[in-house]
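Here the sequence shown stands for residues 82 to 303, numbered as in the working numbering.
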Amino acid sequence: MDTFIYTFFNLDIMAQALPLLLKGAVTTLQLCAVVIVAGLAGGLALALAALSRNAALHWSAVVFIDLFRALPPLVLLVFVYSGLPFAGFRLSPFMAVVIAFFLNNSAYFAEVFRAGINAVPKGQTEAARATGLSPAQTMGFVVLPQAVRNVLPDLLSNTVEVVKLTSLASVVSLSELLYSANMARSVTYNASPLVLAAGMYLIVLWPLVRVISRYQRGLAVT
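Right, here's the structure in full:
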């Protein structure tokens with residue numbers, strides 16, 4: 082038992098590693114903010130394109146969504162970071178992660194938005210148009226608010242997955258939380274920094290998971 086505690090719950094080593102992990106956590110939060118906002122915006126744009134009556138726009142969006150939902154995010158990340166330099170595009174680790182995760186996450190968010198928009202009764206659109214609202218106003222003021230409410234649990238669940246996905250950034254040596262914890266482990270020859278990093282992820286994600294569960298139960302009751 083003493084060996085187990087020393088290896089995984091060594092408080093002295095955790096205290097030594099904490100400053101490094103806090104710096105990594107800041108990078109992780111910055112990455113999450115950029116990727117989530119970009120993914121939501123890209124997903125909404127793709128969903129609207131996929132629902133467009135313009136055949137070229139519709140099929141371009143559908144192909145994009147299917148392609149980047151099918152590609153594993155790790156493969157996509159390695160390709161963007163290590164493959165694009167052969168074509169003359171050399172990106173920083175941060176930008177490579179942002180681009181790779183944007184392509185992946187926007188495709189998933191697009192499917193969520195599209196499902197929400199399709200779930201809004203057609204009568205809502207017809208009633209809005211009858212009052213004189215333009216198609217853009219109808220979508221922005223009538224359809225989208227209802228669509229977002231319908232799929233909010235799915236949007237929040239995808240957001241949690243995005244936060245967890247950022248741990249893949251350690252593959253391209255971005256100094257985020259997991260990478261920092263792994264560096265501390267390699268210096269101390271102890272797994273306690275990894276346990277500390279797991280605890281920090283838990284502190285960030287557990288409240289959000291509880292909010293999602295509570296909201297889903299509320300929807301089930303109503």
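We put the CB at the ideal spot given by N, CA and C, even for glycine.
- Under the Cβ criterion (8 Å, minimum of three pairs), the stretch 142 to 158 does not count as touching the stretch 219 to 233.
- The DSSP-derived three-state label of G204 is helix.
- Contact annotation: V115 and V179 have beta-carbon atoms nearer than 8 Å.
- Going by DSSP, F89 is part of the alpha helix (DSSP H) stretching over D83 to F89.
- When the Cα atoms are used, F89 and A272 turn out to be separated by approximately 5 Å.
- If you look at F145, you'll find it in the alpha helix (DSSP H) that goes A136 to A151.
- Sorting A279, G169, A188 and D83 by C-alpha distance to the C-alpha of S141 places A188 at the top.
- Within a 10 Å sphere around the beta-carbon of P216 sit fewer than 16 other beta-carbons, which makes this residue exposed.
- Contact between the stretch 249 to 259 and the stretch 94 to 112 is present: 3 or more CB-CB pairs across the two stretches fall below 8 Å.
- Proximity to G280 across M82, L102, A122 and D93 peaks at L102, based on C-alpha coordinates.
- Straight-line spacing of the CA atoms in Y282 and R210 works out to 46 Å.
- The C-alpha of I94 lies about 12 Å from the C-alpha of I86.
- Counting along the chain, the unbroken alpha helix (DSSP H) around R230 starts and ends at L225 to L246.
- Between L158 and V253, the C-beta gap is smaller than 8 Å, which places the two residues in contact.
- Cβ atoms of F190 and N239 come within 8 Å of each other, at about 6 Å.
- Nearest neighbour of L233 by Cα position, chosen from Q97, L121 and L286, turns out to be L121.
- Exposure of I284 is indicated by the presence of fewer than 16 other C-beta atoms within 10 angstroms of its C-beta.
- In this structure, the CA atom of F194 is about 36 Å from the CA atom of N263.
- Contact between H139 and A131 is confirmed by a C-beta separation of about 6 Å, below the 8 Å threshold.
- Note on geometry: alpha-carbon atoms of E192 and T84 lie some 48 Å from one another.
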